[in-house]
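Residue numbers for the sequence shown, in numbering that gives the first Met the number 0: 0 to 101.
What follows is one structure encoded as structure tokens, with my remarks underneath.
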Amino acid sequence: MIRLAILGFCLAAMPALAETDAEREERCAAQAGIVEQAVALRGKGTARAAVTEALTDGETAVQARFRPSVKPLVDWVFALEESQLTPEVASVFEASCRDYKQ
Numbered sequence: 000m001i002r003l004a005i006l007g008f009c010l011a012a013m014p015a016l017a018e019t020d021a022e023r024e025e026r027c028a029a030q031a032g033i034v035e036q037a038v039a040l041r042g043k044g045t046a047r048a049a050v051t052e053a054l055t056d057g058e059t060a061v062q063a064r065f066r067p068s069v070k071p072l073v074d075w076v077f078a079l080e081e082s083q084l085t086p087e088v089a090s091v092f093e094a095s096c097r098d099y100k101q
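Here it is, written out as structure tokens:
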């Protein structure tokens with residue numbers, strides 16, 4: 000179920016046109032890192048807005064080119080059931096992202 004949800008999210012929210020395999024690998028790894036951090040921060044009780052801010056501003060901010068991905072990914076993490084907030088979420092997301100080709 001979670002894999003299907005992740006795949007749907009990748010298909011709908013993160014289209015990347017004319018992307019090379021290397022660019023896709025880099026993007027998927029970066030987005031998986033965002034998911035991993037968002038899951039960890041949510042697990043600590045951090046509010047959605049604070050997670051988004053932490054990943055877009057200051058020392059913990061992701062690279063500028065990946066910042067547009069932060070809000071939809073954080074929103075997605077906060078839409079997951081608590082039982083789905085496992086360490087595997089980021090790796091499953093990354094695998095699904097890498098497997099998707101336009």
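Just so it is clear, CB atoms sit at the ideal spot from N, CA and C, and this is done for glycine as well.
- Here DSSP, grouped into helix, strand and coil, assigns residue 83 to helix.
- Rounded to whole angstroms, the gap between the alpha carbons of residue 54 and residue 66 is 8 angstroms.
- For the stretch 30-92, the full-length alpha helix (DSSP H) segments reaching 4 residues or more read 47-55 and 66-78 along the chain.
- Taking a 10 Å sphere around the C-beta of residue 90, we find fewer than 16 other C-beta atoms and assign the residue as exposed.
- In this structure the stretch 31-44 lies against the stretch 67-86, because at least three pairs of beta carbons, one per stretch, are closer than 8 angstroms.
- C-alpha of residue 93 to C-alpha of residue 69: approximately 15 angstroms in a straight line.
- In summary, residue 62 is exposed, with fewer than 16 beta-carbon neighbours lying within 10 Å of its beta-carbon over all protein chains present.
- In this structure, residue 97 keeps its C-beta atom at 9 angstroms or more from the C-beta atom of residue 18.
- Taking the CA atoms as reference points, residue 21 sits about 11 angstroms from residue 28.
- Spanning the alpha carbons of residue 57 and residue 50 requires a straight line of approximately 12 angstroms.
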